[in-house]
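A.B. asks: Here it is, the structure, as structure tokens.
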Amino acid sequence: MSVQRDAVIASNFSPPPSAAETSSEKKFASSFARHSLRDGKLAALLLFLPPALLLFTIFVVLPIGEAAWYSGFNWNGFGRPTNWIGLDNYRFVFDSRAFGLAFRNNILIIIVSLLVQLPLALTLALMLADKFRGAVALRMLFFLPYVLAEIATGLIFSFVYDGDYGLLATVYRWFGAEAPHLLASPQTSMFAILIVIVWKYFGFHMMLFIAALQGMDRNLIEAAYIDGATRTQSLRYVVIPLLYPTIRLSVFFAVVGSFQLFDLVMPLTRGGPADSSNTMVSFLYNFGVTRMRVGFGSAVGVILFVICVTFAITYKRWFMRDE
Amino acid sequence: MNNSAVASRGFDPAILYKALFLTIVALFVATPLIATVLGGFKSLGELRTNPFGLPKVWEWRNYADILFSWRYWELLRNSLIISTLSVALTLITASMAAFAFAHIRFFGSSMLLNYLTMGLLFPAATAILPLFIRVRDLGLLDSYFGVVLPQVAFSLAMSILLLRRFFKDLPYELLEAALVDGCSYIAYFRHVTLPLSRPILATVGTIAFVHSWNAYLVPLVMLNTDALYPWPLGIMVYQGEYSSEWSLILAFITLTILPTVLLFLLAQKHIVAGLTAGAVKG
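Going down the list, the sequences are from chains A and B.
If you're matching positions, the first sequence starts at 588 in the working numbering and goes up one per residue.
If you're matching positions, the second sequence starts at 58 in the working numbering and goes up one per residue.
Take a look at the structure:
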């Protein structure tokens, strides 16, 4: 609001745009040519760029390079790495049953995100995009879990699942059934976590869809109705296709997010029992960080890095070419 | 005519299904939250027999004990210090870089921007061990900055992209006029760009704050001293100590998520705006 207003005020002070000046880009380029030396462009660059570049290089890029380097050593993190073992750490990772489980769990999370979470979010967005009494309140309620910390969410659900005091156990007791200990059994721990994931993240995707629906050109939908389309038809042939860019983005976030999942697992199960509910990051933490097996942990990090980057690049190339 | 339309709408099964569906989802979302808040008011015995309903006897002591404990406030203080430092550093460094990328033409500009936006592609966990060793070698282990600097570094990519897009949308005529008048880039940035960019700065700042406030992995690895723990670490320790005292733990959870929820209600516009702007255009 105020930006537009100030812009209007400011434009009164600059010469009115002439027909010759077709693009402001060109205009900018010419002004840059005239003033570049006098205005201390170099001084500005030397002030503006280094802080971000240095922070990013020191705390993001170098550590990733070092992860690749450390992954070749059997090293506990003290002194300098000397015991070079080549690719053995990667072999240990891939041979580990726990890593296989963790990888499977990450895939499971992706599947549930795509098959349960996104359809649920889309349905709710279609219901809540229009204003009606309570729509805004429901939107905020559904978005609230996303804002809560993963740790708090995990603790809340370890209460829900608690075999003695939990909400679920009470429901079972109403029906005279034995209370289950979902988080304590390797067969059910991951299932319990998947429900928490849906609970926590569907609101985020719903918000993405609502934003897209509200930015949509209403005339197209009106036109479909005028042409005699039913509600389902206009949804199927107009609204959903218009949402494809957002759906592609939502899928991207769901997949990348599921590779990062860690904080939620810790308060619920810490990856157990018997490593049944580890994700790749909690595997990295449990097997690399807590035991300070720097080489082994770094190898896991590199594998995760390669998976994330490969996925991001491939997905962008295949599905998001126009954006 | 009018009456029949109203009547038929009243019996429209689609609306009924919709209301039913929304109610079920709302119950699914709200029940754990409400049970947590109320659970903090119950005795352990009542929690077991009556976990859903209102407390028959309101046990204010659970909440009072925590509110009068030094530990709770210490956790909040640590979180507040870490998050404030993160937000300040993110805003300063990201807005300066975003300004350079938006308004100054220089050789390698797009290459450097691509370099920085690589940060979007992977989680901090990929390099957590080398990051730990780096922070240790810099002597920053067990200090607020050991947590803040990595957090800022990992949030730069998104922040710079959001800010750069906004800066680019500000009218060029402004910059042109300022330069003609002999204004330097640095003065222009301070006196024109930043004041005009308050909405996007608020959005980027809010997101950086929420991320830092909720963060777990980086503080977990970088901090060893209880006295420096932010609340997500502190609450895990607390839960470990009182493992089945669920009334106390629930009260503690409620009191720690309270600031988050208040912040969300205050800043929800910025949070949602940032997420969707970053998502749909980023």
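Just so you know, even glycine gets a beta-carbon here, dropped at the ideal spot from N, CA and C.
1. Contact between the stretch 864-876 of chain A and the stretch 749-759 of chain A is defined here as three or more beta-carbon pairs at a separation below 8 Å; is this criterion met?
2. Could one say the Cβ of residue 168 of chain B lies closer than 8 Å to chain A's Cβ atoms, at least one of them?
3. Rounded to whole angstroms, what's the CA-CA distance from residue 707 of chain A to residue 80 of chain B? Just pull it up for me.
4. Using 8 Å as the limit for Cβ to Cβ distance, is residue 242 of chain B near chain A?
5. Using 8 Å as the limit for Cβ to Cβ distance, is residue 306 of chain B near chain A?
6. Taking 8 Å as the threshold (beta carbon to beta carbon), is residue 108 of chain B in contact with chain A?
7. Three or more C-beta pairs under 8 Å: does that hold for the stretch 283-292 of chain B against the stretch 131-143 of chain B?
8. For residue 847 of chain A, return the contacting residues in chain B, with the cut-off set at a CB-CB distance below 7 Å.
9. So, with DSSP's three-state summary, where would you put residue 906 of chain A?
10. Taking only three categories from DSSP, how would you classify residue 660 of chain A?
11. Please name the residue or residues paired with residue 761 of chain A in a DSSP beta bridge.
12. Quick one: what's got a C-beta closer than 7 Å to residue 617 of chain A's C-beta in the same chain, skipping five residues either side?
13. Skipping 5 residues on each side, what residues in its chain have a beta carbon closer than 7 Å to that of residue 95 of chain B?
14. Tell me residue 671 of chain A's beta-bridge partners as DSSP assigns them.
15. Is residue 165 of chain B close to chain A, meaning its C-beta is less than 8 Å from at least one C-beta of that chain?
16. Determine the burial state of residue 802 of chain A: buried for a count of at least 16 other Cβ atoms within 10 Å of its Cβ, exposed for fewer.
17. Decide yes or no for the touch test of the stretch 68-76 of chain B against the stretch 200-220 of chain B: beta carbon pairs closer than 8 Å, at least 3 of them.
18. In terms of alpha-carbon separation, which member of A/719, A/742, A/782, A/883 lies closest to residue 695 of chain A?
19. Residues of the stretch 747-759 of chain A in Cβ contact with chain E at a cutoff of 8 Å, in chain order, please.
20. Tell whether a beta-carbon distance below 8 Å holds between residue 275 of chain B and residue 204 of chain B.
21. So is residue 304 of chain B buried or exposed if we call it buried at 16+ other beta carbons inside 10 Å?
22. Does any residue of chain A have a CB that is nearer than 8 Å to the CB of residue 151 of chain B?
23. Would you mind reading off the limits of the alpha helix (DSSP H) that contains residue 102 of chain B?
24. Please report the straight-line C-alpha distance between residue 154 of chain B and residue 683 of chain A, rounded to a whole angstrom.
25. If you measure from the CB of residue 211 of chain B, is any heavy atom of the ligand NAP nearer than 7 Å?
26. Have a look at B/201, B/122, B/78 and flag the residue whose alpha-carbon is nearest the alpha-carbon of residue 282 of chain B.
C.D. replies: Looking at the coordinates:
1. The stretch 864-876 of chain A vs the stretch 749-759 of chain A: no contact.
2. Residue 168 of chain B does not count as touching chain A.
3. Note on geometry: alpha-carbon atoms of residue 707 of chain A and residue 80 of chain B lie some 14 Å from one another.
4. yes
5. yes
6. yes
7. yes
8. 180, 182
9. Helix at residue 906 of chain A.
10. strand
11. Looking at the DSSP assignment, residue 761 of chain A forms no beta bridge with any residue, so it has no partner.
12. Interpretation of residue 617 of chain A is limited by its pLDDT of 49, a score under 50 that renders its predicted location unreliable; the figure taken from the coordinates is listed afterwards. Nothing meets the Cβ criterion.
13. 111, 112
14. A/660
15. no
16. exposed
17. no
18. For residue 695 of chain A, the nearest C-alpha among the options comes from A/782.
19. Here the protein chains are A and B, and chain E is not one of them.
20. The Cβ atoms of residue 275 of chain B and residue 204 of chain B lie closer than 8 Å to each other.
21. buried
22. yes
23. 101-106
24. 43 Å
25. As for the ligand NAP, it is missing from this structure, which has no ligand bound.
26. B/201
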